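Down below is the structure, laid out as structure tokens.
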Amino acid sequence: MTVINIINLKKSFNDKKVLNGVFLKLEEGEKIVIKGPNGCGKTTLLKIIAGLIKPDEGIVEISPGTKISFMFQNPIFLPWLNMEENLNLTCKDPSKLKELIDYFDLKDYLNLFPHQLSGGYLQIFSFVRTFTIPHNLLLLDEPFKSFDINRKEKAKAFLKSHLDNKKITLLMVSHQEDREDKEIADKIFNLF
Numbered sequence: 001m002t003v004i005n006i007i008n009l010k011k012s013f014n015d016k017k018v019l020n021g022v023f024l025k026l027e028e029g030e031k032i033v034i035k036g037p038n039g040c041g042k043t044t045l046l047k048i049i050a051g052l053i054k055p056d057e058g059i060v061e062i063s064p065g066t067k068i069s070f071m072f073q074n075p076i077f078l079p080w081l082n083m084e085e086n087l088n089l090t091c092k093d094p095s096k097l098k099e100l101i102d103y104f105d106l107k108d109y110l111n112l113f114p115h116q117l118s119g120g121y122l123q124i125f126s127f128v129r130t131f132t133i134p135h136n137l138l139l140l141d142e143p144f145k146s147f148d149i150n151r152k153e154k155a156k157a158f159l160k161s162h163l164d165n166k167k168i169t170l171l172m173v174s175h176q177e178d179r180e181d182k183e184i185a186d187k188i189f190n191l192f
């Protein structure tokens with residue numbers, strides 16, 4: 001079953017073409033990593049798929065009943081809530097949340113506010129939040145970019161385990177230099 005079908009997608013910002021005729025089809029359970037240089041439209045493509053911005057031209061067909069969980073490139077949290085309160089706003093699976101808090105050893109950070117955490121910890125909390133929202137389509141925008149090497153390996157192991165034997169479709173943006181994405185992806189989609 002086709003989950004996403006993108007036909008001749010185009011998007012410009014201030015007369016600068018970012019996406020110019022993108023065609024992409026994702027089948028159920030397929031895992032695709034999008035690569036490309038800065039400014040080529042990787043994040044824009046994910047935001048269009050999620051319905052956050054509109055394309056100038058083209059068609060984006062998403063299978064009815066698709067549940068999307070989106071991890072933004074830059075973590076977004078409400079600054080007046082501590083991390084536990086932020087996570088509970090969107091959490092639909094408290095047992096999964098507890099599992100991930102334990103897995104990433106985040107219990108001591110739950111009572112802190114976003115401004116009290118490093119960029120790396122905010123990225124980890126954003127990663128955790130993504131998996132507590134029901135989904136069959138994951139949109140991940142450079143999910144490991146601020147992780148230290150140990151957390152990056154743990155996060156990749158968790159992601160691979162989460163995707164194994166499940167009908168979850170993955171579309172993940174990764175920076176050009178991340179060669180290990182072949183461990184996760186069925187296909188690499190180069191965007192230029």
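Residue numbers for the sequence shown follow full-length UniProt numbering, beginning at 1 and rising by one. Where a beta carbon is used, it is the ideal one built from N, C-alpha and C, also for glycine. Remember, it's a predicted structure, so these values are computed and weren't measured experimentally.
**OP:** Given a cut-off of 7 Å, decide if residue 123 and residue 146 are closer than it, judged by their beta-carbon atoms.
**Re:** If you number the sequence shown from 1, residue 146 lands on position 146. If you number the sequence shown from 1, residue 123 lands on position 123. For residue 146 and residue 123, yes; Cβs fall inside 7 Å.
Original post:
In its own chain, which residues sit with a C-beta less than 8 Å from the C-beta of residue 117, not counting the 5 before and 5 after it?
Top reply: Looking up residue 117 in the sequence shown gives position 117. Excluding the 5 residues flanking it on each side, residue 117 has same chain C-beta neighbours closer than 8 Å at 83, 109, 125, in chain order.
Since residue 159 is in the alpha helix (DSSP H), which residue starts that stretch and which ends it?
Counted from its first residue, the sequence shown places residue 159 at position 159. Per DSSP, residue 159 belongs to the alpha helix (DSSP H) from 149 to 163.
DSSP three-state call for residue 88: helix, strand or coil? As a first step, residue 88 must be located in the sequence shown, where it is residue number 88. Here residue 88 carries a helix assignment [DSSP, helix/strand/coil].
* State the CB to CB distance for the pair residue 67 and residue 134, rounded to an integer number of angstroms; the pair is presumed to be in contact (CB under 8 Å). => Numbered from 1 along the sequence shown, position 67 holds the residue referred to as residue 67. Numbered from 1 along the sequence shown, position 134 holds the residue referred to as residue 134. Contact holds; Cβ gap of about 5 Å.
- Query: Cα separation between residue 101 and residue 29?
  - Reply: Reading the sequence shown from its first residue, position 101 is the one you call residue 101. Reading the sequence shown from its first residue, position 29 is the one you call residue 29. Distance from the CA atom of residue 101 to the CA atom of residue 29, rounded to whole angstroms, is 26 Å.
**Q.** residue 88 vs residue 78 beta-carbon contact at 7 Å
**A.** Taking the sequence shown and counting its residues from 1, one reaches residue 88 at position 88. Taking the sequence shown and counting its residues from 1, one reaches residue 78 at position 78. Result no, Cβ atoms of residue 88 and residue 78 do not sit closer than 7 Å.
Inset, instruction - Have a look at residue 132 and residue 91 and give me their C-alpha separation to the nearest angstrom. - result: Against the sequence shown, residue 132 aligns to sequence position 132. Against the sequence shown, residue 91 aligns to sequence position 91. About 5 Å.
Smallest Cα separation from residue 21: which of 10, 31, 15, 14?
Position 21 of the sequence shown holds residue 21. Nearest C-alpha to residue 21: 10.
- Query: Straight-line CA distance for residue 172 to residue 8?
  - Reply: The residue given as residue 172 occupies position 172 in the sequence shown. The residue given as residue 8 occupies position 8 in the sequence shown. Rounded to the nearest angstrom, the two C-alpha atoms are 20 Å apart.
Going by the CB atoms, is the gap between residue 33 and residue 188 shorter than 7 Å?
By 1-based counting over the sequence shown, the position of residue 188 is 188. By 1-based counting over the sequence shown, the position of residue 33 is 33. Taking 7 Å as the Cβ cut-off, residue 188 and residue 33 qualify as a contacting pair.
Residue 141 - containing beta strand (DSSP E), residue span | The sequence position of residue 141 within the sequence shown is 141, counting from 1. In the DSSP assignment, residue 141 falls within the unbroken beta strand (DSSP E) covering 137 to 141.
> What residue ranges within the region 35 to 92 form continuous beta strand (DSSP E) runs of no fewer than 3 residues, ordered along the chain?
Replying inline: Runs of the beta strand (DSSP E) lying entirely within the region 35 to 92 and spanning at least 3 residues, in chain order: 57 to 62, 68 to 71.
What's the gap between the Cα of residue 19 and the Cα of residue 41?
Locating residue 19 in the sequence shown gives position 19, where the first residue counts as 1. Locating residue 41 in the sequence shown gives position 41, where the first residue counts as 1. Whole-angstrom Cα-Cα distance: 6 Å.
>> Measuring only the C-alpha atoms, how far is residue 160 from residue 184?
In response: Locating residue 160 in the sequence shown gives position 160, where the first residue counts as 1. Locating residue 184 in the sequence shown gives position 184, where the first residue counts as 1. Cα-Cα distance, rounded: 6 Å.
- Going straight from the alpha carbon of residue 192 to that of residue 142, what length do you get? Taking the sequence shown and counting its residues from 1, the one referred to as residue 192 is at position 192. Taking the sequence shown and counting its residues from 1, the one referred to as residue 142 is at position 142. A direct Cα-Cα distance of roughly 17 Å separates residue 192 from residue 142.
I need the straight-line Cα distance from residue 25 to residue 61, nearest angstrom please. Counting from one through the sequence shown, the residue named residue 25 turns up at place 25. Counting from one through the sequence shown, the residue named residue 61 turns up at place 61. Going by the C-alpha atoms only, they are around 9 Å apart.
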